[in-house]
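Counted from 1, the sequence shown has number 77 at position 77 by the numbering used here; the numbering is strictly sequential.
Idealized CB from N, CA, C, for every residue including glycine.
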Amino acid sequence: MRAATFLLPVLVAASQANAQEVINPEETAMVRAHMIKHHGGAALTYVEGERFEYQSNEGDPVFLWDAQGFYGGDVNKFWVKTEGEYDFSASEFEEAEVQALYSRAVGSFWDLQAGVRHDFAPFEDRTYGVVGVQGLAPYLFEIDAAAFISGHGDVTARLEAEYELLLTQRLILQPRAELNFAFQDIPELETGAGLSTAEAGLRLRYEIRREFAPYVGVSWTRSLGDTADYVRAAGDDAGSTSFVAGVRFWF
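In structure tokens:
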């Protein structure tokens with residue numbers, strides 16, 4: 001018994017010494033990095049064209065785009081988002097914006113995002129600071145919410161929500177809503193304080209492939225409050241209904 005008690009520490013020490021000789025620290029680090037990369041730690045690139053569509057706009061047709069993409073891993077990502085409209089009747093862009101955001105996962109389904117946004121139209125170029133969240137809410141609602149503060153001190157916010165209803169494995173009905181808010185009057189942008197614009201849409205798409213799906217639908221938009229007064233003063237209607245047709249893709 002005493003011999004066994006004496007030999008046990010000796011055998012353990014010898015085993016540790018042999019292990020240190022066999023295991024190369026550099027090789028261990030390489031194996032560890034390889035496992036992390038192939039089990040959720042790899043940097044990925046993703047691009048999605050959420051809406052590339054023609055809108056009838058009650059006789060004043062426009063082309064609308066709404067796209068986003070990211071590069072990064074599960075926790076940290078760099079996002080680029082862009083959206084805007086081109087007016088076929090006026091042969092000009094009604095609005096266009098680009099956002100560059102750093103995104104960090106703060107939960108299983110939510111990312112906290114911060115960065116900059118730049119508007120190119122319709123009134124003047126403006127740059128904003130951005131802070132927001134993007135993720136999946138209960139009942140599988142996709143949410144994108146952000147607050148913006150411009151270099152002029154104007155504060156606005158935007159909330160987008162989408163839901164996908166699978167009619168078949170390839171036929172999908174997607175309700176969508178967007179609300180825009182301003183925390184003060186912005187006369188130079190023809191925007192009033194409060195809920196300034198609202199949009200609701202319904203799109204039916206068919207996924208020819210998972211990565212490519214044409215769709216048709218209807219979209220309703222309306223300016224509200226003082227923003228509607230600005231629109232009417234310019235001789236335009238405060239609301240419109242559009243039939244839409246477009247494609248959605250990702251890669």
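- In the structure shown, residue 211 falls within a coil segment according to DSSP collapsed to helix, strand and coil.
- Inclusion of residue 226 and residue 193 in the CB contact set at 8 Å is warranted, their separation being smaller than that value.
- Secondary structure within the stretch 42 to 105: the beta strand (DSSP E) runs of 3 or more consecutive residues, fully enclosed, are 44 to 55, 62 to 72, 76 to 87 and 92 to 105 (chain order).
- Between residue 130 and residue 101, the C-beta gap is smaller than 8 Å, which places the two residues in contact.
- Annotation: the continuous alpha helix (DSSP H) that includes residue 230 extends over 225 to 233.
- If the five residues before and after residue 191 are omitted, its C-beta is found closer than 6 Å to the C-beta atoms of 182 and 227, all from its own chain and listed in chain order.
- Following the DSSP letters along the chain, one finds residue 190 in no beta strand (DSSP E), marked with neither H nor E.
- Note on residue 89: under 16 other CB atoms within 10 angstroms of its CB, so exposed under the neighbour-count rule.
- Taking C-alpha positions only, residue 238 is separated from residue 178 by approximately 16 Å.
- Less than 8 Å separates the beta-carbon of residue 65 from that of residue 83.
- Distance from residue 43 to residue 73 at the Cβ level is roughly 5 Å; contact confirmed, criterion being Cβ atoms closer than 8 Å.
- Nearest in C-alpha terms to residue 147, of all of 204, 171 and 128, is 128.
- 8 Å or more divides the Cβ of residue 216 from the Cβ of residue 184.
- The beta carbon of residue 150 lies closer than 6 Å to those of 126 and 128 in the same chain, with the five residues before and after it left out.
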